[in-house]
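**Student:**
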Amino acid sequence: MKKISQIPVINPRAAGIDISDTEMMVAYPINQSQLEIKAFGCYTVDLHSIASCLKGNGVTSVAMESTGVYWVALFLLLQEYGFEVILVNARHVKNVTGRKDDESDAEWIQKLHSCGLLQPSFQPDNITRTLRSLVRHRKNLVRTSCTYLNRMQKALELMNIKLHTIISDIDGKTGLLIIEAILAGERNPEVLADMRDKRIKASREDIIKSLEGHWTVEHLFELDQCYQLYCMHRKMIEQCDREIEKQLIVQIASKDEGIIPEIPKTRRKVSSKNKIPFNLTEYLRRILGVDMTEVYGLGELSVLTIMSEVGTDMSKWKTEHHFTSWLGLAPNTKKSGGKVISSKIMKKKHHAGQAFRIAANSLYHNKGPLGDYYRRIKSKAGAGKAVVATARKLAIIYYKMVTNKEAFNPNALLEYQQKYKEKKINQLKKKIALLEAA
85 MKKISQIPVI
95 NPRAAGIDIS
105 DTEMMVAYPI
115 NQSQLEIKAF
125 GCYTVDLHSI
135 ASCLKGNGVT
145 SVAMESTGVY
155 WVALFLLLQE
165 YGFEVILVNA
175 RHVKNVTGRK
185 DDESDAEWIQ
195 KLHSCGLLQP
205 SFQPDNITRT
215 LRSLVRHRKN
225 LVRTSCTYLN
235 RMQKALELMN
245 IKLHTIISDI
255 DGKTGLLIIE
265 AILAGERNPE
275 VLADMRDKRI
285 KASREDIIKS
295 LEGHWTVEHL
305 FELDQCYQLY
315 CMHRKMIEQC
325 DREIEKQLIV
335 QIASKDEGII
345 PEIPKTRRKV
355 SSKNKIPFNL
365 TEYLRRILGV
375 DMTEVYGLGE
385 LSVLTIMSEV
395 GTDMSKWKTE
405 HHFTSWLGLA
415 PNTKKSGGKV
425 ISSKIMKKKH
435 HAGQAFRIAA
445 NSLYHNKGPL
455 GDYYRRIKSK
465 AGAGKAVVAT
475 ARKLAIIYYK
485 MVTNKEAFNP
495 NALLEYQQKY
505 KEKKINQLKK
515 KIALLEAA
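Going by the numbering used here, the sequence shown runs without a break in its numbering and finishes at 522.
This is the structure we're talking about:
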């Protein structure tokens, strides 16, 4: 007969914190047999009080549950105080039945952490965290500027100004010149048509027809305000780009022992207004050690988004399979009685995973092996699963390239493509032989 074994205590000086927007419940040991549970406020002075209290009681490691963004300030402050801080997924800290209040939550987190039963969530280093905030902010600015651009187009359409049917982008040189003239009081379609760029393919007569509208005060007012907000957001995007470049320089300098690099300016003309204006490819190559933009589907902004989310240290994931699972690009297989009962992809709002999905979706018309793979999976399982499967392949390529510092080698993909073709040919030959024998 075996004795019932108790779970050993691995972290005797561990604390657990349950976080909300108004109160912090902290559970910490005051000796080997007693646990103190104390409530603190949510202001900065209260956060310092938490750190001082834990220091005074000899706590060395702290676990907290990820709740919205309320944990961020306390997490960073405790790190500054020298604590080992781990953030855990709320799903991994499910409480037992009948114990659902903040006090017992903090006690439960402390107990699990002291026994070493909590798996810490990934957290980037401070430099990567700063870059991540800037990249996410830029993405929001671009999205908001597009919203005001759409409202400008709607205001023009309500006045029956069909400018968008003549030029592809109303935020181009010709479109903005005409909008500025309209807001300045010009209503003559012939005068407005003369502002077109010589590269516009539409005839002058068609442009004049598109600019004959029914002018209304309320829609002109809406157009004016949306135009001002659009211009303001474009300036903010330019400022954000400069901050991102500064942070990229900091990243390179941190790797090169404080040496500030000289990055050659890009010679290419920026085709899209949402592209980064400086030589982003070279910055990324120096930081990652490889040129990730050589991979099919991965552009500058995609690589920047991924790097700002995952950092440059890929050793935080044991293998590429752990990496793809963390990204939400691997099946969440559930087994019962030796049978697979579910293998659905977990729904995660993951910026890096979304970047891989967008890159995979762009491969539909690609003539390379990844494009063939995408189309093959799409024909079998549909577009959604094809995007996830191809995104997973891109994530594996990214992981291996950054980990091994090896340049992109399309030959391996071409070999896989050739083997698949040979396999299909052999299968078809066998089918033909069976049909001939029938």
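Beta carbons are placed, not taken as given, at the ideal position from N, Cα and C, and that holds for glycine.
This one's a predicted model, so the numbers in the text were calculated from it and none came from an experiment.
(1) Buried or exposed, going by whether 16 or more other CB atoms sit within 10 Å of the CB of L202?
(2) Mapping the DSSP letters down to three states, classify S117 as helix, strand or coil.
(3) Spatial neighbours of Y458 within its chain, please: C-beta separation below 7 Å, excluding the five flanking residues on both sides.
(4) Would you call the region 302-318 and the region 229-239 in contact, with 3 or more CB pairs under 8 Å?
(5) Which residues mark the beginning and the end of the beta strand (DSSP E) in which V169 is found?
(6) Quick one: Cα of H406 to Cα of I121, how far?
(7) Leaving aside the five residues before and after I193 along the sequence, list all residues of the same chain whose C-beta is less than 8 Å from its C-beta, in chain order.
(8) Using the Cβ count rule (16 or more neighbours within 10 Å means buried), how would you classify G182?
(9) At what residues does the beta strand (DSSP E) containing M320 begin and finish?
(10) Quick one, which of T389, E164, S399 has its alpha-carbon nearest I442's?
(11) Thinking C-beta only, is L498 closer than 9 Å to K477?
(12) When you compare the region 267-280 with the region 207-222, are there three or more beta-carbon pairs, one atom per stretch, that lie closer than 8 Å?
(13) From what residue to what residue does the alpha helix (DSSP H) around S136 run?
(14) Using the rule of at least 16 other Cβ atoms within 10 Å of the residue's Cβ for burial, across every protein chain shown, is H298 buried or exposed?
(15) Report yes if the CB atom of A190 is closer than 9 Å to the CB atom of M109, and no otherwise.
(16) Give me the residue from K505, G437, K503, A521 with the minimum Cα distance to Y483.
(17) Rounded to whole angstroms, what is the Cα-Cα separation between C126 and W401?
(18) Taking the DSSP output, what are the residues bridged to Y112?
(19) Near E384, what residues of its chain come up, given a Cβ to Cβ distance below 8 Å and the 5 sequence neighbours on each side ignored?
(20) Are I262 and L242 close, meaning C-beta to C-beta below 9 Å?
(21) Under DSSP, the beta strand (DSSP E) around V146 begins and ends at which residues?
(22) State yes or no: is the C-beta of V486 within less than 9 Å of the C-beta of V374?
(23) Exposed or buried, which one is D253 when buried takes at least 16 other CB atoms within 10 Å?
(24) For the candidate residues A521, P96, G412, C324, whose alpha-carbon lies nearest to that of A479?
(25) Among residues of its own chain, excluding the 5 on either side of I347, which ones have a beta-carbon nearer than 7 Å to its beta-carbon?
(26) Specify the secondary structure class of P494 as computed by DSSP and reduced to three states.
(27) Mind checking which residues open and close the alpha helix (DSSP H) that includes D456?
(28) Can you check which of these residues, Y380, S205, H132, I250, is closest to G166 by C-alpha distance?
(29) Rank G200, L382, W410, D105 by C-alpha distance to the C-alpha of W155 and give the top, closest one.
(30) Restricting to Cα atoms, I'd like to know which of S145, R235, T214 is closest to H197.
(31) Note down the Cα distance separating N95 from L119, rounded to an integer number of angstroms.
(32) Using the three-state DSSP reduction, which class does I262 fall into: helix, strand or coil?
(33) In or out: D340 buried (at least 16 other Cβ within 10 Å) or exposed?
(34) Name, in chain order, the residues that DSSP records as bridge partners for T102.
(35) Along the alpha helix (DSSP H) that carries Y28, what are the first and last residues, could you check?
**Tutor:** The relevant details are as follows:
(1) Answer is buried; the Cβ neighbour count reaches 16.
(2) coil
(3) Cβ contact annotation for Y458 (same chain, cutoff 7 Å, sequence separation greater than five): A444, L447, Y448, A470, T474, in chain order.
(4) yes
(5) Counting along the chain, the beta strand (DSSP E) containing V169 begins and ends at 168-172.
(6) The C-alpha of I121 is placed about 36 Å away from the C-alpha of H406.
(7) G100, I101, D102, A111, A147, M148, E149, V172, V177, L202
(8) Note that G182 scores 49 on pLDDT, short of 50, meaning its location in the model is unreliable; the coordinates nonetheless yield the value given after this. With fewer than 16 other CB atoms across the displayed protein chains lying within 10 angstroms of its CB, G182 is exposed.
(9) Annotation for M320: no beta strand (DSSP E) segment contains it, though the alpha helix (DSSP H) segment containing it runs 301-339.
(10) T389
(11) no
(12) no
(13) 128-140
(14) exposed
(15) yes
(16) G437
(17) Going from the Cα of C126 to the Cα of W401 covers about 33 Å.
(18) E120
(19) K359, I360, L364, T365, L368, T377
(20) no
(21) 145-149
(22) yes
(23) exposed
(24) G412
(25) N363, E366, Y367
(26) Secondary structure at P494: helix, using DSSP grouped into helix, strand and coil.
(27) 453-465
(28) H132
(29) D105
(30) For the set S145, R235, T214, the Cα lying nearest the Cα of H197 is the one of S145.
(31) 14 Å
(32) helix
(33) exposed
(34) The sequence shown places Asp at residue 102, not Thr. Bridge partners of D102: M109.
(35) Coverage of the chain is limited to positions 85 through 522, which leaves residue 28 absent and any answer about it impossible.
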